[in-house]
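Here is the structure we will look at.
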Amino acid sequence: MVKKKTCVFISGQGSNLKNLISRSRDNNFPIKISLIISNNKKARGLFYAKKYNIPYVLINTKFNNYENKILLNLRKHKISFICLAGYMKILSKFLIKNYKKKIINIHPSLLPKFKGLNTFSRIIKSKEIKAGCTVHFVNEKLDSGSKIIQKIFFVNSNYDEKILKLKTQKLEYKAYPEAIIRIFRYN
Ligand code: GAR
């Protein structure tokens, strides 16, 4: 199998990145992680880039042309697929146009509910019965592209944000690799 050269974008912890790296080491998994991009030089996820010897690029989003730098690096590494994994910046139309239907994201809610930030506190506040995560294609609107996979669990009334996050992320580690397999199985 020829694996798709993939770039993972991160901003923080990188636990989804770690999980994708581990899954991608399986010969039958459709992607190879060839590049990691972070907009945060302190992102803990960069540890995995170093540990597994994966090239990484730090992007300073204060500069106007930072997306040009992203695109140049994607081209340099012949990247054909992009996974956003806790990347807390909105991609511009420019980048999305260049990678149409080739960028996916994971979000810690049952989209279209709870788009955006502070997801867990909003879920608790609105006393949701169900929570979960969604993997979706990225389009020009925030957390709005077509869904690839969604995983659900029931919320007990005694759950706090910490438990909700733990339960959600546990499902994310299943959902993200499954979504990637699903995309390439049908392509
Ligand atoms: C994940 O839970 C992901 O769903 C969320 O950030 C976390 C990153 O964790 N993404 C978003 O909220 C995007 N809107 P990680 O860095 O440990 O993978």
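Mapping of the sequence shown onto our numbering: position 7 corresponds to residue 68, and the numbering continues sequentially without gaps.
No residue lacks a Cβ here, since even glycine has one placed at the ideal position from N, Cα and C.
Distance between beta carbons of residue j and residue i, contact taken as under 8 Å
{"i": "Lys228", "j": "Leu172", "result": "Actually they are not in contact, since the Cβ atoms of Lys228 and Leu172 sit about 17 Å apart, beyond 8 Å."}
{"i": "Ile185", "j": "Tyr160", "result": "Contact flag wrong, Cβ pair sits at about 35 Å."}
{"i": "Glu222", "j": "Pro169", "result": "That belief does not hold up - the Cβ atoms of Glu222 and Pro169 are roughly 11 Å apart, past 8 Å."}
{"i": "Lys176", "j": "Leu203", "result": "6 Å"}
{"i": "Tyr237", "j": "Val196", "result": "6 Å"}
{"i": "Lys130", "j": "Ile120", "result": "6 Å"}
{"i": "Glu201", "j": "Ile165", "result": "At roughly 15 Å, the Cβ-Cβ gap does not stay under 8 Å, so Glu201 and Ile165 are not in contact."}
{"i": "Ile241", "j": "Pro91", "result": "6 Å"}
Boundaries of the alpha helix (DSSP H) in which residue i is found, first to last residue
{"i": "Thr180", "result": "180–186"}
{"i": "Phe198", "result": "Element bounds for Phe198: not the alpha helix (DSSP H) but the beta strand (DSSP E), 191–198."}
{"i": "Lys229", "result": "Looking at the sequence shown, residue 229 is not Lys but Thr. Unbroken alpha helix (DSSP H) run through Thr229: 222–246."}
{"i": "Tyr127", "result": "127–137"}
{"i": "Ile157", "result": "154–159"}
{"i": "Leu145", "result": "No alpha helix (DSSP H) contains Leu145, which is instead part of the beta strand (DSSP E) from 142–145."}
Residue i beta carbon near the ligand GAR (any heavy atom closer than 7 Å)
{"i": "Glu233", "result": "yes"}
{"i": "Gln74", "result": "yes"}
{"i": "Pro238", "result": "no"}
{"i": "Gln211", "result": "no"}
{"i": "Ile167", "result": "yes"}
{"i": "Asn200", "result": "no"}
{"i": "Thr229", "result": "yes"}
{"i": "Asp204", "result": "yes"}
{"i": "Leu172", "result": "no"}
{"i": "Leu135", "result": "no"}
{"i": "Thr180", "result": "yes"}
{"i": "Asn77", "result": "yes"}
{"i": "Cys194", "result": "yes"}
{"i": "Ile71", "result": "yes"}
{"i": "Ala146", "result": "yes"}
Range of the contiguous beta strand (DSSP E) that encloses residue i
{"i": "Lys112", "result": "Careful: Lys112 lies outside any beta strand (DSSP E), inside the alpha helix (DSSP H) at 107–112."}
{"i": "Ser99", "result": "92–99"}
{"i": "Lys79", "result": "Per DSSP, Lys79 belongs to no beta strand (DSSP E); it is in the alpha helix (DSSP H), 76–85."}
{"i": "Lys123", "result": "Taken as a continuous stretch (DSSP letters only), Lys123 belongs to no beta strand (DSSP E), as it is neither H nor E."}
{"i": "Ile209", "result": "208–215"}
{"i": "Tyr117", "result": "117–119"}
{"i": "Phe70", "result": "65–71"}
{"i": "Asn166", "result": "164–168"}
Next on the checklist: Measuring CB atoms only, is the segment 65–76 touching the segment 91–108, in the sense that at least three cross pairs come out at less than 8 Å?
Outcome noted: yes
Checklist entry - Counting pairs of beta carbons, one from the segment 134–141 and one from the segment 180–191, are three or more of them closer than 8 Å? => result no
Item to check | Given 8 Å, three or more beta-carbon pairs between the segment 83–93 and the segment 122–133 | outcome: The segment 83–93, when compared against the segment 122–133, does not touch it at the 8 Å Cβ threshold.
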